[in-house]
Amino acid sequence: MGAYTVIGKKTPKSDAVAKVTGEARYATDVYLRGMLWARVLRSPLPHARIVRIDTSKARALKGVHAVLTAADVPDARYGALVLDMGMFARGKVRYIGEAVAAVAAVDEPTAARAVDLIEVEYDPLPAVFDPLEALAPNAPILHEALAGYTTLFDRTARAMQGNVNYQAEIACGDVEAGFAASDFVFEDTYQVQKQHPSYMEPNSTVADVDAEGRLVIYNTTQRPHINQAILSSLLGVPIAKIRVVPCHVGGGFGGKNRTLTEPTAAALALKTRRPVRLTFSHEEEFTSATTRHGGVIKLKTGVKKDGTLVASQATLYYDCGAYAPTPNAVWLGAISSTGPYRIPNVRVEAFSIYTNKMMSGAFRGYGAPQSTFARESQMDRIARELGLDPFELRLKNCLVEGDSLHTGQPLHSVQVRETLLKARAMVGWKGPRLGPNRALGVACGIFACGGFATSSIVKMNMDGTATVATGAMDMGQGLRTVMRQIAAEVLGLAPDDVTVVIGDTDLTPFDVGIFGDRGTHTGGQAVKLAAEDARDQILAAAAAGMGVPAGRLELRERKVVDRTAPERFLHLRDVLGGGQYKKGGPIIGKASINLTETAFDPGIVRGAATKMFSTYTFATHVAEVEVDPRTGVTKVDKITAVHDCGTVINPDGLRGQIIGGMATGLGYALYEDVIIEQGQVQNPSFLECRPPTAVDMPAIEFATVEGYDAKGPFGAKGVGNVSVINIAPAIANAVEHAVGARVTSLPVTPLKVLQALGAGEV
Amino acid sequence: MKQVVQLNVNDAEHELALDPSRTLLEVLRESLGLTGTKEVCLLGSCGACTVLVDDRPVLACLTLASACQGKRVLTIEGLRQGEALHPLQQAFIDKGAVQCGFCTPGMIMAGKALLDRNPHPTPDEARAAIAGNLCRCTGYEQIVEAIVAAPAVDEAARVGAREGGHYLMPDMAE
Ligand code: FES
Ligand code: FES
């Protein structure tokens, strides 16, 4: 669509020089004069009443400036949808690794020693570690006061009862009639593990109190404005007296859509009136941050002999751990549980359940890798048992433009069919089997993209350059550069003429946080609208000066040009210089949008946390594997990906998202697993829970299909999440085609493959 | 008891009184303010702290500062010559090999060590050279390409220098 000068062109990241020279400043690189170091005392028990805390010895230690427990901070709770978590455990602890107390001292060793001197007496309580056991009537209850907690969603009858902190339902058509009308009904149960986001940079905050008594937070976050609001509510400090200054983010992937180190560091800074730094140790990352939700998915699908999908019933039990920072992962799971398929009769029940384990939160793919694994594994089973080709079954049922999702949401920009066709052509598909122990596996997925509130300001400078301010954070994926390209395209500038100010809550307008493929799509759209607002003002100002109607003018190459007579133009710097000093005043464009405005039909959807997402992204992946039937080891030789992501804004950025997502999906498929026994994480480090390395990566081929999303900037959609969700089922499907082993739980370990070879399903 | 250690870091001599247990990583970041070298796992498992000691890649988190006495330490900050980026740095930018950038200093140092002993590596050799460096963002493909492409960038820089110019980053390709 359209001939663009900047959109779709190779544009290096604006922060790349700072990053290749080591000059980029991350939160852990902030050292302030007089800075104190904080450490946190964490619970050694999965569930226990706190009988007594004695901090006197810690306070008496030389070099200790403050010790805080729940008794020293306001009794306030926070969370994205369920306000269930305080800064410190209050009354009882609910998982191993929960914060009980914190110390600020002159250096880290002193702080660590002081933490050891805090005495806590616990009275152990029965604990529950399995989400299905946690649903049992006699299960230990984690949050006795749950029903009284503040929530930000419509509660169904079963939400906020027992250990269920969030529940959503989808009912479309008549699922019982659908099963009755089906020729075959397939029922399977799938199990998924907790996966750690494994961003390289640890969670870290330096909190300072400035000369005016304002709190200043240097941190690593995907959501500075929400951090600011949470700090305000937890500490009782007005928002205007808090400044969050996010540093470069050393990877987030959803894991930094959290508020973990900020409140403790801030409370200690307020107490000591000194800068305080709190950085998670590597082990704390694996015990006290958040992971992808593990859980159980039950899937029942009714199908006609010819492969037409008729009915689907899915029940999702997602294990959110001891608190529910983002329980609606299961809602995204519910959306993706039908796959990108047209199924007339659907029923979904989605539960987020407390257990005495480390928390689950957002992580790339957010709720969808789990249900996509279930859906796409079962699709292959259906194909096999009906004697259909896996691609044919998917092509027969896939959504097309004009269809509605099972939630009742009408869809636009649906190119899922095109992704299937292109992927099939790219791999030269002649069926899944390639040879002895070698095969291809396909998976196809849908992910919700974009929405929620954001805003942007575009300030035109006198020399014709522009400064864009947005609260939408760049977590390393390159959003800053995408914003720069979008503004440059609208304003007829080169990317270098645009500076993007990102995140700092004093300088940027509100954004809710970067998640759910909303950075480019939603954040980018706000930048585009703000730039267009500025453009219209520029054209109006120039029209007066040029004696030409504004409608005939356009911006290009730093000029305002008469479209009908290109030799008539004004330099932007002259318009803006004049504009600043003559009339009308300086030009500032702005936009404030919310792309999540349409409510669901309550007859179809109940308990949802949000209104409809802006749009959906689709992708098809094909994995080529070789399995050694003696050892059970799966080697992935190649992954082919085809994405429907609308207009491509930054080709290198797109490529990085697609391949990076594959790597995360590969780890999820084959080995990453946060193993927890009796509440204790068994493998809390990269040594034991290792993300894929360069030598683990398969050969890669990818393509996009042409598409245009009317709600996104220049037609763009996101790609960061959908790039992950298909990898595990594509690999699991390929493993079955290769050696006949169907593994229904992730990760697909050699042991499970061997067990499946010996004993059917595992 | 502190110990006096002479360290040559990025061609500058430092004399430091150090606790003998201080790691090279702590000294670089906290005593010398060279925060380009990153701290992640402190277990030798991620490679983010990779620096060169006498041209060989070492993990600064597992290396005692005192063990570097009399040796040449090169960190990411020492790679750039004035305004001009090292060809490998330039290649990382050109190939889109940088996302969050937290692994980047370690990756570049590991890549440089490879290029110093093998100026024209194959993609597999590049992969093997960074096998100890984790990156969660990129999936490594563009990093491998950058390492393989660096010699060509170097050549372009030398041609540029011969012609009297100097190689600067293109602010906007194409
Ligand atoms: S910090 Fe040294 S290897 Fe991870
Ligand atoms: S670029 Fe983020 S970890 Fe490598």
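Protein sequence lines correspond, in order, to chains A and B. If you're matching positions, the first sequence starts at 7 in the numbering used here and goes up one per residue. If you're matching positions, the second sequence starts at 132 in the numbering used here and goes up one per residue. Positions of the beta carbon are idealized from the N, C-alpha and C atoms, including for glycine.
Report the neighbours of Ser204/A on chain B: residues whose CB is nearer than 7 angstroms to its CB, in chain order.
Arg267
Arg381/A burial status per 10 Å Cβ neighbour count (16 or more: buried)
Classification of Arg381/A: buried, given that the 10 Å Cβ count is 16 or more.
Indicate the three-state DSSP secondary structure (helix, strand or coil) for Ala549/A in the structure shown.
It is helical.
Is it true that the CB of Glu139/A sits closer than 7 angstroms to the CB of Ala133/A?
no
Neighbourhood of Phe708/A by C-beta distance below 8 angstroms, restricted to the same chain and skipping five residues each side
Thr646, Ala647, Val648, His649, Arg661, Ile664, Ile665
In this structure, does DSSP put Thr17/A in helix, strand or coil?
coil
How far does the beta strand (DSSP E) with Gln173/A in it reach, from first residue to last?
170-178
Around the C-beta of Pro416/A, are 16 or more other C-beta atoms found within 10 angstroms, so that it is buried, or is it exposed?
If you draw a 10 Å sphere on the C-beta of Pro416/A, you find fewer than 16 other C-beta atoms in it, and that means exposed.
DSSP three-state assignment for His288/A, whether helix, strand or coil
helix
Kindly say whether Ala287/B, judged by its beta-carbon, lies nearer than 7 angstroms to any beta-carbon of chain A.
no
For Thr623/A and Arg283/A, what's the separation of their Cα atoms in angstroms?
39 angstroms
Rounded straight-line distance, which links the Cα of Lys465/A to that of Asp302/B:
In this predicted model, Asp302/B has a pLDDT of only 35, less than 50, meaning its place in the structure is not dependable enough to derive any value.
For Leu190/B, is the beta carbon positioned less than 6 angstroms from some heavy atom of ligand 1?
yes
How about Ala762/A and Arg748/A: do their beta carbons lie closer than 7 angstroms?
yes
Leu497/A CB to nearest chain C CB: under 7 angstroms?
Among the chains of the structure shown, chain C does not appear; the protein chains present are A and B.
Verify the contact flag: Cys177/B, CB atom, against every heavy atom of ligand 1, threshold strictly below 6 angstroms.
yes
I'd like the list of long-range same chain contacts for Leu299/B, defined as Cβ closer than 6 angstroms, with 5 residues on each side in sequence excluded.
Annotation note: pLDDT 37 at Leu299/B (below 50); position unreliable, coordinate value reported separately. So no residue of the chain qualifies.
DSSP on Pro137/A, reduced to helix/strand/coil?
coil
Span separating the alpha-carbon of Ser162/B from that of Asp214/A:
Each residue's Cα considered, the two are about 22 angstroms apart.
Flag Phe233/B as yes when its Cβ comes closer than 6 angstroms to any non-hydrogen atom of ligand 2, and as no otherwise.
yes
How far does the beta strand (DSSP E) with Asn139/B in it reach, from first residue to last?
134-140
Please state if the CB of Ala222/B and the CB of Ala277/B are separated by a distance shorter than 7 angstroms.
In contact: Ala277/B and Ala222/B (Cβ atoms closer than 7 angstroms).
List, in order along the chain, the chain A residues whose C-beta lies closer than 7 angstroms to that of Ser176/B?
Ser691, Phe692, Leu693
Taking 6 angstroms as the cut-off, does the CB of Thr168/B come closer than this to any heavy atom belonging to ligand 2?
no
Limits of the unbroken beta strand (DSSP E) element including Tyr324/A:
DSSP places Tyr324/A inside the beta strand (DSSP E), whose first and last residues are 315-327.
Residues in the same chain with beta-carbon distance under 8 angstroms from Asn443/A, minus the five sequence neighbours each way, listed in chain order, please.
Glu632, Val633, Asp634, Pro635, Ala744, Val745
Straight-line CA distance for Arg31/A to Pro555/A?
47 angstroms
First and last residue of the uninterrupted alpha helix (DSSP H) at Thr75/A:
Secondary structure note for Thr75/A: it is in no alpha helix (DSSP H), and the uninterrupted beta strand (DSSP E) holding it is 70-75.
Shorter than 6 angstroms, the distance from the beta carbon of Leu163/B to the closest heavy atom of ligand 1, or not?
Result no, Cβ not under 6 angstroms from ligand 1.
Alpha carbon of Thr27/A to alpha carbon of Glu104/A, nearest angstrom
37 angstroms
Anyone know if the C-beta pair for Leu368/A and Leu338/A falls short of 7 angstroms?
Sequence inspection shows Ala at residue 368/A; the Leu mentioned does not correspond to that position. For Ala368/A and Leu338/A, no; Cβs fall outside 7 angstroms.
For Leu158/A, is the classification buried or exposed, using 16 other Cβ atoms within 10 angstroms of its Cβ as the cut-off for buried?
Within 10 angstroms of the beta-carbon of Leu158/A lie fewer than 16 other beta-carbons, which makes it exposed.
Let me know the alpha helix (DSSP H) ranges lying completely inside the segment 339-371 of chain A, each 4 residues or longer, listed in chain order.
Correct list: empty.
Could you tell me if the beta carbon of Cys268/B falls within a distance shorter than 6 angstroms of some heavy atom in ligand 2?
Look at Cys268/B: its beta carbon is less than 6 angstroms from one of the heavy atoms in ligand 2.
Less than 7 angstroms between the C-beta atoms of Ser620/A and Gly457/A, yes or no?
Contact check for Ser620/A against Gly457/A passes: the beta carbons are separated by less than 7 angstroms.
Name the one or two DSSP bridge partners that Arg612/A has.
Glu175/A
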